[in-house]
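Only one structure is covered here, and it is reproduced in the block below.
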Amino acid sequence: MAQAAAVLVWWAAVIGSHTARDWFFPYGGLDPAFAAFLVPDLILLVGGSLVVARHRLRGVSGSRAAGVLLGAVAYGTLYTAAWTFLLHAPPWGLVAMLVIALGTWRTSR
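Per the working numbering, residue 29 is the first one in the sequence shown, and the count goes up by one each step.
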């Protein structure tokens, strides 16, 4: 549940705050290539995190939802890594994705 909340807070911050955008985007604006991740993040990361958290509370591990969530996080992490290195973007987005990836991997086992 914490991951779902963190993703929501991150999106709210980068959409609503120029200061937050400066931390994550090389040009201070919300990059259209990253903005395209908003809906998939809300569905797959937020929704998936909530489903996996619900499964964990019920004692279910290794669910398909966990696999889908792990795949979505892995794709987003690899995209963010490439984007960060190619555009020389601030590293904080990649750091956040690596933390989320590690947490997702640990809870998906």
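Positions of the beta carbon are idealized from the N, C-alpha and C atoms, including for glycine.
query                                                                                                                                               : result
What three-state label does DSSP hand Arg92 in the structure shown?                                                                                 : helix
Just how far apart, CA to CA, sit Leu70 and His116?                                                                                                 : 26 Å
Let me know the secondary structure DSSP gives Tyr107 once reduced to three states.                                                                 : helix
What span of residues does the alpha helix (DSSP H) with Arg82 cover, start to end?                                                                 : Gly76 to Leu85
Going straight from the alpha carbon of Arg137 to that of Ala109, what length do you get?                                                           : 24 Å
Taking the C-alpha atoms as reference points, what is the distance between Leu130 and Ala40?                                                        : 23 Å
Output the distance between the C-alpha atoms of Val101 and Tyr55, rounded to the nearest integer angstrom.                                         : 24 Å
Taking a contact to mean a Cβ-Cβ separation below 8 Å, would you say Met125 touches Gly104 in this structure?                                       : yes
Looking at Ser77: is its Cβ nearer than 8 Å to the Cβ of Leu106?                                                                                    : no
Buried or exposed for Arg128, please, with buried defined as at least 16 other CB atoms from any protein chain shown within 10 angstroms of its CB. : The question names Arg, yet the displayed sequence has Ile at residue 128. Under this definition Ile128 is a buried residue.
From Leu72 to Ser89, what distance separates their C-alpha atoms?                                                                                   : 18 Å
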